[in-house]
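Be aware that the sequence shown starts at 501, since it is given in our numbering, and climbs by one per residue.
Every residue gets a Cβ at the ideal spot worked out from N, C-alpha and C, and that includes glycine.
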Amino acid sequence: MSFIELENVYKTYTLGETTTPALSGIDLQIDRGELVIVFGPSGAGKTTLLNMIGGLDIPTSGSVTVGEIQVSTLSARWLTIYRKNKIGVVFQFFNLISRLTALENVEYALELVGVRKNSDAEGATASFDSKGIRQKAVEYLNKVGLSERIHHFPAQLSGGEQQRVSIARALAKEPELLLADEPTGNLDYKIGRSVLEIMEAMTGKAQNRTVVIVTHNEAICPLGDRVVRLSDGQIVENYTQEYVSAKELYW
Ligand SMILES: Nc1ncnc2c1ncn2[C@@H]1O[C@H](COP(=O)(O)OP(=O)(O)O)[C@@H](O)[C@H]1O
Ligand SMILES: [Mg+2]
């Protein structure tokens, strides 16, 4: 069984009398440690697909399983626990809290979940001690190259720096699965590439961390071990490839 399995997933949004099919019969399997690029134009269903995997929304029909958890049948309470413990999310618009510094933004995310005492231990109990949280937050801000900026507020940081804070925030809790929705969509190409390099370095087979990046930018596709092309809520292409490191991508 693959780490992520979607089976015949449909998602229809209903607003008054209009129904919009966002996903129409998605079958998808992703192995642990894979870096997957979901590529498609605006409106193809990319964000909806990410929301299904991340437990931010549930399918109209079909099943979504992640690490043997039946995400599509979890109650709201368990969905919250699933999102907190298993998933890190990087958003297109960073979604940092403007009144908190870079450090506080990462700490706050860790306070919500607690720092794992031992990230290897299955279901390790979370520890909420503030010293551990501070150390973890600083460690991850260092990893994304922001050690000199930890006391800055989001408004004092460039777009690329804000996105790096949001990567640190998503990864500091050491999630099994990183989901990124157009993570470079608001960055110029050079900064976008460095953001991808950081994500690439902190994920993948070596870290046993699975990554799904959705994008409308075809130039990012070579970065994936697998590329899934989405059109009108359906997978029209799904192939594995020799990936090209972010450093070598020209876009
Ligand atoms: N909350 C919603 N209510 C109604 N329709 C929605 C909602 N979210 C998405 N849609 C529709 O579902 C389709 C897929 O949207 P989305 O997953 O956001 O695509 P993408 O991320 O690829 O741009 C679009 O037609 C969009 O208008
Ligand atoms: Mg989208």
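Taking 7 Å as the cut-off, decide whether the C-beta atoms of residue i and residue j are in contact.
i: leucine 760; j: valine 712; result: The first residue shown for the chain is 501 and the last is 751, placing residue 760 beyond what the model contains.
i: arginine 649; j: alanine 602; result: yes
i: arginine 664; j: glutamate 534; result: no
i: glycine 586; j: valine 714; result: Residue 586 is actually lysine in this sequence, not glycine. No; because the gap between Cβ atoms is not below 7 Å, this pair is not in contact.
i: glycine 660; j: isoleucine 691; result: yes
i: valine 606; j: alanine 672; result: yes
i: glycine 588; j: proline 675; result: yes
i: aspartate 531; j: serine 563; result: no
i: leucine 579; j: glycine 614; result: no
i: proline 654; j: leucine 610; result: no
i: threonine 703; j: valine 695; result: no
Could you check if residue i is buried or exposed, using at least 16 other CB atoms within 10 Å of its CB as the buried criterion?
i: phenylalanine 593; result: exposed
i: alanine 670; result: buried
i: glutamate 682; result: buried
i: tyrosine 689; result: exposed
i: alanine 746; result: buried
i: leucine 612; result: exposed
i: arginine 693; result: buried
i: alanine 621; result: Confidence in alanine 621 is poor, its pLDDT being 45 and thus under 50, which makes the residue's placement unreliable; the coordinate value appears in the next sentence. Answer is exposed; the Cβ neighbour count stays below 16.
i: proline 541; result: exposed
i: serine 572; result: buried
i: alanine 637; result: buried
i: threonine 519; result: exposed
i: arginine 583; result: buried
i: tyrosine 640; result: buried
i: glycine 516; result: exposed
i: asparagine 551; result: buried
i: glycine 645; result: exposed
i: glutamine 662; result: buried
i: alanine 706; result: exposed
i: alanine 576; result: exposed
i: threonine 752; result: Lying before the first or after the last residue shown, residue 752 is absent from the chain, which here runs from 501 to 751.
i: asparagine 508; result: exposed
i: aspartate 629; result: exposed
i: asparagine 618; result: The predicted position of asparagine 618 is uncertain, since its pLDDT is 48 and thus under 50; a value taken from the coordinates is nonetheless stated next. That one is exposed.
Can you round the beta-carbon distance between residue i and residue j to whole angstroms, since I take them to be within the 8 Å contact cut?
i: leucine 730; j: tyrosine 743; result: The Cβ separation is near 19 Å, so there is no contact.
i: threonine 710; j: isoleucine 504; result: 7 Å
i: tyrosine 510; j: leucine 523; result: 6 Å
i: isoleucine 526; j: valine 590; result: Wrong, their Cβ atoms sit about 22 Å apart, outside the cutoff.
i: leucine 528; j: valine 728; result: 7 Å
Against chain C, does residue i count as a neighbour if the rule is that its beta carbon must be under 7 Å from one of theirs?
i: glutamine 734; result: Note that chain C does not occur in the displayed structure, where there is just one protein chain.
Do residue i and ligand 3 come close, with the Cβ less than 6 Å from some heavy atom?
i: leucine 679; result: No copy of ligand 3 appears in this structure; the ligands present are ligand 1 and ligand 2.
* **Shell residues, 6 Å Cβ cut-off relative to heavy atoms of ligand 1** => Checking every Cβ against the heavy atoms of ligand 1 under 6 Å gives Tyr513, Leu515, Thr520, Ala522, Gly540, Ser542, Gly543, Ala544, Gly545, Lys546, Thr547 and Thr548.
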